[in-house]
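Report on the following structure.
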Amino acid sequence: MAGATVFAAALSGCASGSLTVDELAEQGSISVGFAGEAPYSFEEAGQLTGGTVALHREIFGALGIGEVDGIQTEFGSLIPGLNAGRFDAVSAGMSILPDRCEQAAFSEPEIVYTTALMVPEGNPQGLTDMQSIADAGASMVALTGAIEVDYANALGIDVTPVGNPVDGMDAVIGGRADVFALTGVSLNYMAENRPDAPVEVTESFVAEINGVPQVGAGATVFRQDDTELLDAYNEQLAEIKSDPDRWLEIMEPFGFSINEFPGPELTTEMLCEGVPGIGDGGADEDGE
C-alpha cells in the first residue's frame with residue numbers, strides 16, 4: 002500500500018503542472034527511480050542505499066522532505082518513467098548528455114566518473130579500453146540506455162544491452178560476453194562484493210571517441226516542469242560541493258573518492274550543450 006501511496010502522490014504532482022518542495026514536504030517523502038546499480042543506488046537487505054541515495058537524503062532532508070522512497074526500473078526506462086509520473090526524480094548517477102537534456106532536467110554535476118571493463122579472470126584478450134574491444138572483435142554487454150552502449154556503437158563494437166549490472170556480470174561469468182563495460186566505481190564494487198567470481202576489473206580510463214576524451218558526469222534528474230524543485234535541490238547541492246570534505250563524508254562510505262568529485266569548472270549547461278570533450282566527440286548518443 003505504501004508504494005501505491007507514493008505512486009498516487011507522484012501522479013498528483015504531475016497533474017498539478019509542477020511538483021514543489023512544499024508539496025513534497027507536506028507529503029513527507031519523495032519517490033526516486035533507481036536502476037539497482039551499486040554503489041550509486043541499490044537495495045541491500047530490503048533497504049534503499051548507495052552514494053546518490055545518501056546525497057539525496059542529505060539534500061531532501063535539508064528541504065524538509067523526510068523520506069526517500071525507491072522504485073526500481075531498468076536504466077533505459079528511468080527518464081520515461083519519470084516523465085510518466087511513476088516517480089518524482091531519478092537517483093542513478095545518470096550521465097548528463099545532450100539528448101537526455103531534451104527530455105528531462107538535470108541537477109548540477111554530482112559525480113564524475115571513468116569507465117572500466119569487467120573481463121574473465123586473467124583478461125585473456127588483453128582488453129584495456131574501448132578501442133581494444135573493437136580491435137579484438139570482442140563481444141560486449143552494457144546497461145540499456147547507458148553511455149557505454151553509445152561508445153560501442155560509435156566504434157562498431159558488437160554490444161548487447163542488459164537490464165541491470167548483475168546480468169552484465171553474469172554474462173561475462175557465463176561466457177555469453179567477453180566484456181562488461183560500466184563505470185569503474187560500479188564494477189570494482191561488484192567485484193569486491195563477489196570475491197569468488199572468476200572475473201577481474203581493468204584499470205579505469207577516460208573513453209575516447211574519434212580522438213576526443215569523453216568526460217562523464219552524473220546528476221539527479223527531474224521533470225522539466227519541476228523548476229522550483231530543481232532550483233532548491235541545486236542550492237543545497239552547491240553548499241555540499243563547496244566543501245569537498247563534506248561531499249566525501251557522504252560518498253566515501255560507498256567507495257567514492259575525491260577522484261569522483263566534480264569541480265566547479267564542470268557545469269550541466271556545458272554538458273547539455275555537448276561541449277567537445279565533455280560528453281561529446283562522435284558517440285551516437287541515443288540515450289533513452
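Numbering (the numbering used here), first residue to last: 2 to 289. For glycine and all other residues, C-beta sits at the position ideal for the given N, C-alpha and C.
{"query": "Three-state class that DSSP yields for Gly77 in the structure shown", "result": "helix"}
{"query": "Cβ contact check for the region 52-72 and the region 117-125: 3 or more pairs under 8 Å", "result": "no"}
{"query": "Run of the beta strand (DSSP E) containing Val202, from where it starts to where it stops", "result": "Val200 to Val202"}
{"query": "Gln48 - partner residues in DSSP beta bridges", "result": "Glu45"}
{"query": "Straight-line gap, Thr115 to Ala182 (C-alpha atoms, nearest Å)", "result": "11 Å"}
{"query": "Ile259 versus Glu111, Glu75 and Leu144, residue with shortest Cα-Cα distance", "result": "Glu111"}
{"query": "Environment of Asn194 [buried if 16+ CB atoms lie within 10 Å]", "result": "exposed"}
{"query": "DSSP bridge partner residues for Asp70 (one or two, in chain order)", "result": "Ser32"}
{"query": "Continuous beta strand (DSSP E) stretch holding Ile112: start and end", "result": "Ile112 to Tyr114"}
{"query": "contact_flag[the region 234-247, the region 184-203] where n(CB pairs < 8 Å) is 3 or more", "result": "no"}
{"query": "Exposed unless 16 or more other CB atoms sit within 10 angstroms - verdict on Ser92", "result": "buried"}
{"query": "Proximity of Phe223 and Ala105 at Cβ, strictly below 8 Å", "result": "yes"}
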